[in-house]
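Chains as they are written, first to last, in the numbering used here: chain A, 162 to 309; chain B, 172 to 699.
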């Protein structure tokens, strides 16, 4: 485990607790021990990322990685993605979209908005687990830049 | 009040007949009257002939008398010359008069008397001349002095005048008759013309009225037609919207169904791996399992040391042994079985959800109409099953009457591909597959693609069922989820067409895909 990777906090926005648990399990199985902060709705996640004042300054000094589901009870993941990528403090934060939607236009839209990785949750569990474990490998070699 | 077609035709025919009758009447009357006129002209001519013949006769006799008198007075024989000439022509003139009077038997008596008088006069004149030439001048003058010659001449004049008068009367009567028939002809003509004008007028009025009715009716039909088209367009658009909504609904539902399914499958896998751990543990330490071992030891001790010593502990140990055996059974058999069922069911559910997703996604895909060469498209489709066909000596025949269509290529390829695959999949065992793909034109700028096989066929009660999602017909000996034809029907309908089946069980099946020749106007009306 590299020292750079350890500093990264994974923000998981996933309304389905079952999915959240499975994702966490598989990330851990891939040997990633970073802190995972789970949220089940968009509002709380935004509050965490952008701080109580909503400016995002709070994230300027920390390294985050956002794991994002698109289907949320209070908003769509696209809204969160858009805000993260449009904020000066958070625009370099990697966003991994992990969702059940495999509509080509939706995927294109996410990449257009600046998503770094888009993963479709396959119903076939083996490929699901596999995808997340590979994601874990990706986390372990990744360096998240600090923004001031 | 509109005129019925039957009334119109019979009335028109009647009018035509009337007009023709009037014309024929005029012509017949004219012909008859021309015949009459001819007769009357002849009458007039005859009457005139009588008049002139009578006048000529009188002149001749007077000439003779003059000659006689001149001779008797002068004795010059020169006066006898005109006398002889007139005498020579007298008979001829008399014949002429008789001939002219042949048509008037009532005057025969007059003619007879005339002839007699004439003969007497001539013999009197001849007598006087003969007497004079013999020198008996006195006797000759005496004959003249008897006034007999004069009397005869008088009678002659009177009779000739009577003849003249009779012919005048005949002429007058004929002219009157002629005038009357001319009058009659005029009236016939006027009446006939009036009738013809009337007939033409009535017929014209009828034609005008009928035409006006017809054009009124046509206008109405056109208006209804355009309203109908509008209604059809509206309904089609409504249907399109409803269809879109259903597809959106299917898409959302399947997506939302996927999320819990991910959990079920995920945690089933987690359970399986946990179970594996348990199983490994059990297999590795079956003998050294503390509970089982202790139970076995307890039982052995109890038997060795004496039954009365620890009976309670022995029963407890036996109970524990049974429990351990149950746990082993649960871990080795019950749990894997239950997990297996959960896994196969979720896999099946996943398949179904994917099928619905596929159909709803195809339904949402924007259609791209382009001109397609059906011959090329169908040949490519047929070639893709060639390998499977040659395995069973089967063959595919193309018979294309319509060779081009404006439609969506991908949809059409999927439709034909699915139907051909089905034909191959459900061919009758032991009978080489005979597959015919044909196209033909249909009413309303549409066309039909027929895919006919000699496969196992579909029983009549299943003809509708085969198109339903997740439903299959016949012996279930081939893999499949009952999606193919449901998918085909969705595709065909999105192209503005319909699919029907005709089949005899055990003999073969024909699928008829009816499509518009041009997809663009249909897409246009849907956008509205």
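Cβ atoms here follow ideal geometry from the backbone N, Cα and C, with glycine treated the same way.
Please check the pair residue i and residue j, which I expect to be a contact at CB under 8 Å, by giving their CB distance rounded to whole angstroms.
i	j	result
residue 175(A)	residue 230(A)	5 Å
residue 341(B)	residue 218(B)	5 Å
residue 197(A)	residue 171(A)	5 Å
residue 293(A)	residue 258(A)	With a Cβ gap of about 13 Å, residue 293(A) and residue 258(A) do not count as contacting.
residue 744(B)	residue 258(B)	This structure cannot settle anything about residue 744(B), because the visible part of chain B is limited to 172 through 699.
residue 179(A)	residue 434(B)	3 Å
residue 261(B)	residue 231(B)	6 Å
residue 553(B)	residue 608(B)	7 Å
residue 572(B)	residue 611(B)	5 Å
residue 232(A)	residue 261(A)	7 Å
residue 241(A)	residue 192(A)	Rounded, the Cβ-Cβ distance is 28 Å, inconsistent with contact.
residue 281(B)	residue 334(B)	6 Å
residue 765(B)	residue 366(B)	In the structure displayed, chain B extends from 172 to 699; residue 765(B) sits before or after that span and is not available.
Residue i: which of the options sits nearest, CA to CA?
i	options	result
residue 368(A)	268(A), 248(A), 183(A), 198(A)	As shown, chain A starts at 162 and ends at 309. That puts residue 368(A) outside it, with no answer to give.
residue 293(B)	237(B), 449(B), 576(B)	237(B)
residue 545(B)	391(B), 212(B), 316(B), 570(B)	570(B)
residue 202(B)	366(B), 355(B), 246(B)	355(B)
residue 706(B)	209(B), 299(B), 281(B), 276(B)	Given a span of 172 to 699 for chain B in the structure shown, any question on residue 706(B) remains unanswerable.
residue 622(B)	630(B), 632(B), 631(B), 604(B)	604(B)
residue 686(B)	643(B), 586(B), 319(B), 416(B)	586(B)
residue 184(B)	411(B), 310(B), 378(B)	378(B)
residue 316(B)	296(B), 306(B), 332(B)	296(B)
residue 264(B)	276(B), 244(B), 285(B), 252(B)	285(B)
residue 444(B)	173(A), 169(A), 187(A)	187(A)
residue 308(B)	429(B), 631(B), 490(B), 239(B)	239(B)
residue 323(B)	339(B), 233(B), 244(B), 269(B)	233(B)
residue 700(B)	426(B), 567(B), 508(B)	Since the first and last residues shown for chain B are 172 and 699, residue 700(B) lies out of range.
residue 216(A)	245(A), 195(A), 269(A), 266(A)	245(A)
residue 369(B)	676(B), 628(B), 188(B), 695(B)	188(B)
residue 201(A)	224(A), 269(A), 190(A), 235(A)	235(A)
residue 221(A)	169(A), 278(A), 177(A)	169(A)
Indicate the three-state DSSP secondary structure (helix, strand or coil) for residue i in the structure shown.
i	result
residue 320(B)	helix
residue 447(B)	helix
residue 177(A)	coil
residue 241(A)	helix
residue 671(B)	strand
residue 190(B)	helix
residue 638(B)	helix
residue 257(A)	strand
residue 298(A)	helix
residue 618(B)	strand
residue 679(B)	strand
residue 556(B)	coil
residue 269(A)	helix
residue 579(B)	strand
residue 281(A)	strand
residue 605(B)	strand
residue 183(B)	helix
residue 610(B)	strand
residue 434(B)	helix
residue 692(B)	helix
residue 349(B)	helix
residue 171(A)	strand
residue 227(A)	strand
residue 566(B)	strand
residue 208(B)	helix
residue 643(B)	coil
residue 249(B)	helix
Please indicate yes or no: does the CB of residue i lie closer than 8 Å to some heavy atom of the ligand ADP?
i	result
residue 203(B)	Here there are no bound small molecules, and the ligand ADP is not part of this structure.
What residues in the stretch 417-440 of chain B bring their beta carbon closer than 9 Å to a beta carbon of chain A?
422, 426, 427, 429, 430, 431, 432, 433, 434, 435, 436, 437, 438, 439, 440
Indicate whether the contact test is met: 3 or more Cβ pairs, each with one atom in the stretch 353-367 of chain B and one in the stretch 222-238 of chain B, closer than 8 Å.
no
Are three or more beta carbon pairs between the stretch 607-616 of chain B and the stretch 630-643 of chain B nearer than 8 Å?
no
Does the stretch 438-451 of chain B come close enough to the stretch 243-261 of chain A to have 3 or more Cβ pairs within less than 8 Å?
no
The stretch 536-550 of chain B / the stretch 577-590 of chain B touching (three or more Cβ pairs under 8 Å):
The stretch 536-550 of chain B vs the stretch 577-590 of chain B: in contact.
contact_flag[the stretch 644-664 of chain B, the stretch 550-567 of chain B] where n(CB pairs < 8 Å) is 3 or more:
Judged by Cβ distances under 8 Å, the stretch 644-664 of chain B makes no contact with the stretch 550-567 of chain B, as fewer than three pairs qualify.
Spell out a yes or no on whether the stretch 501-513 of chain B and the stretch 644-656 of chain B are touching, meaning 3 or more CB-CB pairs, one atom from each, closer than 8 Å.
no
So does the stretch 397-413 of chain B actually touch the stretch 505-519 of chain B, counting three or more Cβ pairs closer than 8 Å?
no
Specify whether the stretch 266-277 of chain A and the stretch 417-434 of chain B touch according to this definition: at least 3 beta carbon pairs, one from each stretch, less than 8 Å apart.
no
Taking Cβ-Cβ distances below 9 Å as the criterion, which residues of the stretch 249-264 of chain A are in contact with chain B?
261, 262, 263, 264
If contact is defined by three or more beta carbon pairs under 8 Å, each pair taking one atom from either stretch, is the stretch 176-194 of chain B in contact with the stretch 197-211 of chain A?
no
Relative to chain B, which residues along the stretch 280-297 of chain A have a C-beta separation below 9 Å, given in chain order?
282, 283, 284, 285, 286, 287, 289, 290
Check each residue of the stretch 227-243 of chain A: if its Cβ is closer than 8 Å to any Cβ of chain B, include it; give the result in chain order.
232
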